[in-house]
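*Asks:* Residue numbers (this note's numbering): 521 to 608. For glycine and all other residues, C-beta sits at the position ideal for the given N, C-alpha and C. Submitted below is the structure of interest, expressed as C-alpha cells.
Structure (C-alpha cells):
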C-alpha cells in the first residue's frame, strides 16, 4: 500500500479533483464508482468526523491525495489522530 499522507517533498502530483456530494465530508466509505478513471485527488468538506477518517476513506477508495475545504478562517493546523480515538 502507498504511504498515504507521507509527503514526497519535491515531487509533483498531477490529477483531476473529484467532489462526491453524496459523501461530501468523506465520513463514510466511498462507493466503488469513485474515483472515476482520471480523478486522483478527492475534495472533502471539513467537519462531521476526524481528518484521519476522511483520509482513510479516500485512500481506500483509491485517491492519491485529499484536499479538505475549510469553512473557518484560521491559521494552519496539524491534522493528527485524535487522542480520544486511538483505534483510528
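Please state if the CB of residue 583 and the CB of residue 565 are separated by a distance shorter than 7 angstroms.
*Replies:* Sequence index remark: in the chain shown, residue 565 carries index 45 (1-based). Sequence index remark: in the chain shown, residue 583 carries index 63 (1-based). Contact: no.
*Asks:* Leaving out five residues on either side along the sequence, give the residues of the same chain with a beta carbon under 8 angstroms from the beta carbon of residue 580.
*Replies:* Start at 1 with the first residue of the chain shown, and residue 580 comes out as number 60. The answer, listed in chain order, is 549 and 550.
*Asks:* Per DSSP, what are the beta-bridge partners of residue 587 in this structure?
*Replies:* On the chain shown, residue 587 is found 67 positions in, with the first residue counted as 1. DSSP output for residue 587 lists 563 as bridge partner(s).
*Asks:* Is it true that the CB of residue 532 sits closer than 7 angstroms to the CB of residue 563?
*Replies:* Taking the first residue of the chain shown as 1, we reach residue 563 at position 43. Taking the first residue of the chain shown as 1, we reach residue 532 at position 12. Not a contact, by the Cβ cut-off of 7 angstroms.
*Asks:* Count the other CB atoms, across all protein chains shown, that sit within 10 Å of the CB of residue 521; report buried if there are 16 or more and exposed otherwise.
*Replies:* Translated into positions along the chain shown, residue 521 becomes position 1. Any reading at residue 521 needs caution, since the residue's pLDDT is 44, under 50, leaving its predicted position unreliable; the model's value is listed next. Exposed, since its Cβ has fewer than 16 Cβ neighbours within 10 Å.
*Asks:* Assuming contact is defined by CB atoms lying nearer than 7 angstroms, are residue 568 and residue 585 in contact in what I supplied?
*Replies:* Translated into the one-based positions of the chain shown, residue 568 becomes position 48. Translated into the one-based positions of the chain shown, residue 585 becomes position 65. No, the pair does not count as a contact, with Cβ atoms beyond the cut-off.
*Asks:* Would you mind reading off the limits of the beta strand (DSSP E) that contains residue 581?
*Replies:* Here residue 581 corresponds to residue number 61 of the chain shown, with the count starting at 1. Note, residue 581: premise wrong, no beta strand (DSSP E); alpha helix (DSSP H) at 571-581.
*Asks:* Am I right that residue 530 and residue 561 are in contact with their C-beta atoms under 8 angstroms? What's the rounded C-beta distance?
*Replies:* By one-based count along the chain shown, residue 530 stands at place 10. By one-based count along the chain shown, residue 561 stands at place 41. Rounded, the Cβ-Cβ distance is 18 angstroms, inconsistent with contact.
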